[in-house]
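The structure appears below as structure tokens.
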Amino acid sequence: MAHERFLYESISQQLRNQIRSGTYRAGERLPSVRRLSQVFGVSINTVVQCFRQLEIDGIIDIRPRSGVFVASASAARHQPTTVTHFPSLPVEVSLSEDILHYMEPHMEEHLVHLGIALPAREIMPIERILRSLREVTRKHALQAWDYMHPHGHDAFTHQLARRSLNYPVPITQEDLIITNGCMEAIELALRTVTRRGDTVAVETPTYYGALVALEVMQRKALEIPTHYRDGMCLYTLEQAFKHGRVSACLVSCNAQNPLGFTMSAERKRKLVELATRYSVPLIENDIWGDTVYAGNALPAKAYDEAGMVIYCNSFSKSLMPGMRLGWVAPGRFHHRLRELKQISSITTASAPQLLMARLMESGFYAQHVQQLRRQLAVQTRETAAAVLEAFPAGTRIDTPTGGCVLWVGLPNRIDSRVLFDRALTNGIHIFPGNVFSAGPRHFNYLRLNAGTPINARLHQAINQLGEMARAF
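When we follow full-length UniProt numbering, the leftmost residue of the sequence shown carries the number 1, and every step to the right adds one.
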């Protein structure tokens with residue numbers, strides 16, 4: 001393994017040097033994978049991994065069915081340059097104190113809220129939701145008052161199952177367990193398939209809440225290099241699976257937070273195939289799936305014939321965070337996960353389930369999601385443009401495919417932790433990039449929430465942030 005790593009890094013460096021020296025110029029096609037494997041005397045897989053690393057670094061452009069080309073200078077400037085490369089060691093997570101420190105200001109109403117990832121209240125149908133809630137609790141008072149079965153209200157789970165009718169492998173009502181938000185679903189999944197001291201493969205960067213869950217449950221994280229467009233490096237992930245380095249894999253395939261990518265259907269199928277082949281449970285966090293701008297992005301769970309995917313989701317991001325209504329489809333791990341649910345929170349509140357059943361069966365939720373996708377697409381585009389205009393030259397933002405966050409790469413190694421402190425003193429809340437990794441990474445990145453429509457106050461705050469960044 002060490003020899004393979006040496007070859008992989010050595011060849012990547014040789015190709016990088018040849019491109020920088022002008023041996024291969026911008027737009028020029030590189031030799032094929034097969035040709036390079038013959039030149040260097042290595043396997044095709046080693047060359048593929050070299051290309052993947054160079055693509056992550058923005059040095060080459062892989063064009064399906066066309067070949068591999070040297071990236072233009074402008075393209076290279078817009079690629080993340082600090083993605084960590086495998087192999088790395090499993091690490092214990094120690095982020096909870098930092099994350100609590102960075103989250104607390106969100107509760108202060110006077111701040112400009114660019115930190116927590118959430119669509120703004122003004123673009124959500126709050127009055128319609130509350131009116132529907134009053135109606136269902138009045139008409140079904142006893143059901144709203146009483147305990148609900150762990151499997152959930154029949155009308156609600158029926159609607160959830162119907163959402164998967166176009167999946168190659170649909171989710172059945174019997175496989176669903178209703179949870180208190182997506183985080184409870186993820187926590188139950190981790191407790192089901194891992195034990196204290198186990199290692200879980202995660203993206204880097206990844207959602208900080210998932211890292212805190214690993215910390216609290218005393219699991220280790222193995223960070224897998226993650227591409228801004230394609231997601232987890234599947235070659236690297238397979239090496240971890242093959243050598244038994246991880247007990248589970250925690251991943252987001254649609255509108256991932258914070259990078260914003262959506263994996264292709266082909267890569268999702270490959271991901272599930274790997275999990276099945278090596279019997280590694282795949283915990284899928286699809287909380288932003290309904291916000292993918294192009295719509296109808298299937299989750300990896302849709303291709304899960306063997307039941308190896310534990311699918312986790314909720315309506316916290318797409319409709320109402322205070323409702324705390326989520327669900328999990330555990331596949332072959334259903335029995336154990338249900339046991340853990342019953343000894344933790346027993347069941348999930350009845351009223352939110354009655355409400356969502358009503359909103360879904362009436363067609364209102366589907367209509368709302370269509371509008372939300374269009375709105376968030378506009379907001380992320382306009383916020384990104386404002387940031388690039390205000391921030392120093394060299395600032396990088398990759399266009400998200402869904403959700404409402406921007407992963408902003410800062411030039412000149414600007415430390416986003418220092419920027420957080422300065423922004424907060426000026427009434428602006430942001431989230432520094434270091435908490436999206438279990439290791440010492442992403443300090444020169446920050447995540448900005450684009451959930452609020454651009455207005456004068458928000459524009460002024462972005463300009464202030466840009467001035468602070470320029471001051472470095």
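Positions of the beta carbon are idealized from the N, C-alpha and C atoms, including for glycine. Since the model is a prediction, treat every value here as computed from it, not as a measurement.
Rounded straight-line distance, which links the Cα of residue j to that of residue i
i           : j      : result
PHE40       : GLY289 : 42 Å
LEU424      : GLN53  : 36 Å
ALA75       : GLY58  : Its pLDDT being 45, under 50, ALA75 is placed unreliably in this model, and the value from its coordinates should be taken loosely. Between ALA75 and GLY58, the C-alpha separation is close to 7 Å.
HIS243      : ALA357 : 44 Å
VAL202      : PRO352 : 31 Å
THR84       : SER350 : Low per-residue confidence applies at THR84: pLDDT is 44, beneath 50, and the placement is therefore not dependable, though the value from the model is reported in the following sentence. Between THR84 and SER350, the C-alpha separation is close to 44 Å.
LEU237      : GLU273 : 12 Å
THR383      : ASN296 : 25 Å
LEU30       : GLN18  : 11 Å
ASN285      : GLU215 : 17 Å
LYS139      : ALA255 : 37 Å
ILE44       : SER21  : 25 Å
PHE315      : LEU354 : 14 Å
TYR147      : ALA377 : 39 Å
residue 477 : TYR365 : Nothing about residue 477 can be reported from this structure: the residues present for the chain run from 1 to 472 only.
THR395      : ALA294 : 26 Å
HIS153      : GLY181 : 16 Å
ARG63       : SER72  : 14 Å
ILE442      : GLY466 : The sequence as given places His at residue 442; Ile does not occur at that position. HIS442 and GLY466: Cα-Cα distance of roughly 19 Å.
GLN14       : GLU92  : 34 Å
SER422      : TYR24  : According to the sequence displayed, residue 422 carries Arg and not Ser. Approximately 43 Å, taken between the alpha carbons.
ARG413      : ARG457 : 28 Å
First through last residue of the alpha helix (DSSP H) which encompasses residue i
i      : result
ASN285 : Counting along the chain, ASN285 falls outside any alpha helix (DSSP H), though it belongs to the beta strand (DSSP E) covering 282 to 285.
THR276 : 265 to 277
PHE156 : 154 to 162
PHE40  : 33 to 40
GLU187 : 181 to 193
ASN463 : 456 to 471
LEU359 : 350 to 361
ALA248 : Careful: ALA248 lies outside any alpha helix (DSSP H), inside the beta strand (DSSP E) at 248 to 251.
ARG417 : 416 to 425
HIS227 : Counting along the chain, HIS227 falls outside any alpha helix (DSSP H), though it belongs to the beta strand (DSSP E) covering 220 to 227.
CA nearest to the CA of residue i, picked from the options
i           : options                           : result
VAL418      : ASN449, LEU165 and MET468         : MET468
VAL292      : TYR311, VAL272 and SER264         : SER264
GLN460      : ILE428, ARG470, GLN173 and HIS442 : ILE428
GLN370      : HIS335, ILE414, VAL328 and LEU319 : LEU319
MET217      : GLU127, ILE178, ASP154 and ASP198 : ASP198
LEU259      : GLY433, ARG219 and PRO400         : PRO400
TYR278      : LYS139, ALA240 and ALA386         : ALA240
GLY27       : ILE60, ARG16, ARG35 and GLN38     : ILE60
LEU298      : THR380, LYS268, THR23 and TRP327  : LYS268
ILE310      : ASN257, GLU187 and LYS270         : GLU187
MET360      : SER37, SER72 and ARG162           : ARG162
SER164      : GLY409, LEU372, ALA329 and HIS113 : ALA329
LEU406      : TRP327, ALA385 and HIS158         : ALA385
VAL246      : LEU465, ARG128, ALA221 and THR157 : ALA221
residue 480 : LEU250, PHE472, ASP304 and ALA248 : In the structure displayed, the chain extends from 1 to 472; residue 480 sits before or after that span and is not available.
VAL169      : ALA155, GLU127, GLY331 and VAL387 : GLY331
ASN166      : PRO321, VAL387, ARG373 and ALA302 : ALA302
Residues near residue i by beta carbon distance below 7 Å, same chain, minus five either side
i      : result
TYR208 : LEU95, ILE99, VAL435 and PHE436
PHE431 : TYR102, GLY115, LEU446 and ARG447
VAL48  : VAL33 and TYR235
ASN463 : ALA390
ARG336 : THR192
Cutoff 6 Å; reference residue i; Cβ partners in own chain excluding five residues on either side
i      : result
THR119 : Thr is not the amino acid found at residue 119; the sequence shown has Pro there. Closer than 6 Å at Cβ, skipping near neighbours: CYS404 and GLY451.
ALA275 : LEU282 and MET308
ILE11  : PHE40 and CYS50
THR137 : ALA144 and ALA351
PRO211 : The sequence given here places Leu at residue 211; Pro does not occur at that position. Correct list, in chain order: VAL93, LEU95 and ALA438.
Nonlocal neighbours in the same chain, by C-beta distance under 8 Å from residue i, ignoring five residues either side
i      : result
ALA393 : PRO411
PRO105 : LEU111, GLY115, LEU424 and HIS429
ASN455 : none
Endpoints, the beta strand (DSSP E) within which residue i is located
i      : result
ILE310 : 309 to 314
GLY67  : 67 to 70
ALA329 : 326 to 329
ALA201 : 199 to 204
ASP61  : 60 to 63
beta-carbon residue i near the ligand NAP non-hydrogen atom, thresh 7 Å
i      : result
TYR365 : No copy of the ligand NAP appears in this structure; indeed no ligand is present at all.
* Asked: Is there contact between the segment 229 to 239 and the segment 118 to 134, where contact requires at least three CB pairs shorter than 8 Å?
  -> no
* Using 8 Å as the threshold, is the segment 167 to 178 in touch with the segment 215 to 231, meaning 3 or more CB pairs across them? -> no
* Inter-stretch contact at 8 Å, needing at least 3 Cβ pairs: the segment 339 to 349 / the segment 188 to 200 -> yes
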